[in-house]
Amino acid sequence: MTKITAIIPTLYEEIHIKEAIESLGFADEIIVIDSLSTNKML
């Protein structure tokens, strides 16, 4: 069976990340890559 990986590149997306991850419920794996944000993304 094919597996789906979703990759989310982010930069200062603190207010959107929860919704983005929740919208990817179909994915088998979710990878979030932050681009040196200084807000609460860490």
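Residue numbers (full-length UniProt numbering): 1 to 42.
C-beta: ideal position from N, C-alpha, C; glycine also.
Contact check for ALA27 and THR2: beta-carbon distance about 12 Å, past the 8 Å limit, so the pair fails to qualify.
Boundaries cannot be given for ILE15, as no beta strand (DSSP E) includes it and DSSP labels it neither H nor E. Counted as a single uninterrupted DSSP element, the beta strand (DSSP E) harbouring ILE30 occupies residues 29-34.
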